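2 protein chains.
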Amino acid sequence: MDSTTLLGFFGGILTTISFLPQVIKTWKTRSTSDVSLWMFLLLCIGIIIWIIYGFLINSLPVIFANLISFILTSIILVFKIRYK
Amino acid sequence: MDSTTLLGFFGGILTTISFLPQVIKTWKTRSTSDVSLWMFLLLCIGIIIWIIYGFLINSLPVIFANLISFILTSIILVFKIRYK
């Protein structure tokens, strides 16, 4: 794996795991009133498109980062809808 | 511009503007207690790395989407630090 792909994976890991603290926070507090529904709705749809784009440009960092981001952001979205 | 790049831009527009509703919500309410500080901190750092990766793989959608995302997420981060 070349250094560019490694850097891409590193960026991908950071932006992907960034959603984890929000998942944990929302899981613990069950409170989402300050979290924007539209943010996570648009984010989930956009991430699906990024995954398709990642396949088309053959970029493993784009594919993997967005796959995991999708799982985490959709969990936050479900929390937001469930616990208003 | 080919259709793959167009799709990338579309995904980029969606994930990028997704942060706007959160900026507006936080601007209005000045309340960020349900928003995770770590989420937006990791997101900002990760997005900077994505921008560098975008330059290295010559992907305009990756560069542009992440540039605007960085502006919006850093605003949310400042709000989070300012209005705990």
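Line by line, the protein sequences give chains A and B. Reading the first sequence from the start, the letters are residues -16 to 67 in the numbering used here. Reading the second sequence from the start, the letters are residues -16 to 67 in the numbering used here. A virtual CB, placed ideally from N, CA and C, is assigned to each residue, including glycine. Please read all numbers here as calculations on a predicted model, not as lab measurements.
Here Arg13(B) carries a coil assignment [DSSP, helix/strand/coil].
Interface with chain A (8 Å Cβ-Cβ cutoff): Met22(B) is included.
Taken through DSSP and simplified to helix, strand or coil, Asn49(B) comes out as helix.
Residues of the stretch 34 to 61 of chain B whose Cβ lies closer than 8 Å to any Cβ of chain A, in chain order: Ile35, Tyr36, Leu39, Ile40, Ser42, Pro44 and Val45. Judged by DSSP in its simplified three-state form, Ser42(A) adopts coil rather than helix or strand. Sequence-distant Cβ neighbours of Lys63(B) in its own chain, meaning closer than 7 Å and more than five residues away, are Thr15, Val18, Leu20 and Phe23. Proximity of Ile64(A) to chain B, defined by a Cβ-Cβ separation below 8 Å, is not satisfied.
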